[in-house]
Amino acid sequence: MTTRILISGVNPFRSGKTTFTIQLGRFLQEQGINPEYFKPISGHSYWFHHDHTKDCIEQGELFSLDARRVRDELGSSFPVTVTNPVHRMFAPAIIDKPGNLPFTSLALAGWDSVLVLQRFTKDNDGKPQSSVVAATELIENGTTVMKSDTMESLTQNCEIVPISSLKEVRQYEQQHFESCVESCFQAIESKADVVIIESFNNSIWPWEQLKKVDQVFVVGPAQAFEYDPEKFSKAAFLMKRGNEPLREVTMNRVDDLLTPVERVDLLPNKGLNAEDLHRISIVTRKD
21 MTTRILISGV NPFRSGKTTF TIQLGRFLQE QGINPEYFKP ISGHSYWFHH
71 DHTKDCIEQG ELFSLDARRV RDELGSSFPV TVTNPVHRMF APAIIDKPGN
121 LPFTSLALAG WDSVLVLQRF TKDNDGKPQS SVVAATELIE NGTTVMKSDT
171 MESLTQNCEI VPISSLKEVR QYEQQHFESC VESCFQAIES KADVVIIESF
221 NNSIWPWEQL KKVDQVFVVG PAQAFEYDPE KFSKAAFLMK RGNEPLREVT
271 MNRVDDLLTP VERVDLLPNK GLNAEDLHRI SIVTRKD
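Count along the sequence shown from 1, add 20, and you get the number used in my numbering.
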């Protein structure tokens, strides 16, 4: 039976989830256990993470910087698009002057973060099939700094779905997000002893078809907290609002409902010490 470990963040950014994940994964490998990494949804900026953008262009597909980091450290038996089934890319708009914002709902996060591409990958009997929703008109007419040739490089072997509004993106997500994530997760879980699921930012439960996990950690600077997984799941579903995706429930919305069962210190540039790794790992606890 595969063990599921969920990692979430205290903060929206720079919580240290990926560093914690890598350290935990290495520890499991040292115990002769086969871990796989799963990042259901992620995003990056064409501009602010341009070195990673160039890596994506060279590989011909969009994927998470965190997923790349973990893959470099731990390896994987699966394509990166299966370990990271949904990934967004944002790019700055070209503006005449500060204050003149692009007239598009795709710039809801600001003029420097226009949603230009979002990849969705489904595992089909071991073969990844990807589609990309793309702001083709904004890209082709020069509204964003990302140009058509870059879009072509990043969407090789993908079905292109043109979109012009955030509403269209959300409609596509509603139809495809859960099935893409669940199909990829099932493929990974079938071949792993442990799946380490890294949530997006400080989202606490990454998709609805994930009904249970065996262990939960919430990571922040200098410390990590373990929570009862059943109570953590119940809190996520309790705080879900209307038709919003479950992944939009964040840690700050449930922290008053939950009490950690364990707290561990993380050391600067080191993370967990060896004693704590043995103590907190649900896998080694079984020994």
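Glycine included, C-beta positions come from ideal geometry on N, C-alpha and C.
Exercise. Skipping 5 residues on each side, what residues in its chain have a beta carbon closer than 7 Å to that of P226?
Worked result: P60, I61, I217, S219, F220, R267
For this session: Using DSSP bridges, identify the partner residues of H107.
Result: S62, R139
For this session: Report the option in R190, G162, F98 whose CA atom is closest to the CA atom of S210.
Result: F98
Problem set entry | Residue span of the beta strand (DSSP E) that contains S28, given as start and end | S28 -> beta strand (DSSP E) spans 23–29.
Exercise. Apart from the five residues just before and just after D202, which ones in its own chain have a Cβ nearer than 6 Å to its Cβ?
Worked result: Contrary to the premise, residue 202 reads as Glu rather than Asp in this sequence. Same-chain partners within the cutoff: Q229.
Exercise. In whole angstroms, what is the alpha-carbon distance linking E172 and H196?
Worked result: Answer to the nearest angstrom: the Cα atoms are 22 Å apart.
Exercise. Helix, strand or coil: how does DSSP classify K231 here?
Worked result: coil
For this session: Taking the CB atoms as reference points, tell me whether A87 and T103 lie closer together than 9 Å.
Result: yes
Exercise. Are the segment 24–32 and the segment 276–286 touching by the rule of at least three beta carbon pairs closer than 8 Å?
Worked result: Output reads no: the segment 276–286 does not touch the segment 24–32.
Problem set entry | Beta-carbon separation (whole angstroms), V214 vs V303, contact threshold 8 Å | 6 Å
Exercise. Is C178 near V136, with beta carbons less than 9 Å apart?
Worked result: no
Exercise. What are the partner residues of E56, as DSSP defines its beta bridges?
Worked result: V215
Exercise. What are the complete alpha helix (DSSP H) segments, minimum 4 residues, inside the segment 228–280?
Worked result: 249–258, 271–274
Exercise. By DSSP, does D92 sit in helix, in strand, or in coil?
Worked result: helix
For this session: Spell out the partners DSSP gives T175 in its beta bridges.
Result: E81
Exercise. Leaving out the 5 sequence neighbours to the left and right, which residues in its chain are closer than 6 Å to S253 when beta-carbon positions are compared?
Worked result: none
Exercise. So, is D307 buried or exposed, given that buried needs 16 or more other C-beta atoms within 10 angstroms?
Worked result: Any answer about D307 is weak, because its pLDDT of 46 lies below 50 and its placement is not dependable; what the coordinates show is given next. When all chains shown are included, D307 counts as exposed.
Exercise. Taking the Cβ atom as the reference point for each residue, do N54 and A207 lie within a distance shorter than 9 Å?
Worked result: With contacts defined by Cβ atoms closer than 9 Å, N54 and A207 do not form a contacting pair.
Problem set entry | Top-ranked residue by Cα proximity to A111, from Q176, C76, K167, S150 | K167
For this session: Please report how far the alpha carbon of F205 lies from the alpha carbon of D143, in whole angstroms.
Result: 9 Å
Problem set entry | Contacting residues, own chain, Cβ-Cβ under 6 Å from I77 (five flanking each side not counted) | S173
Exercise. Would DSSP call S210 helix, strand or coil?
Worked result: coil
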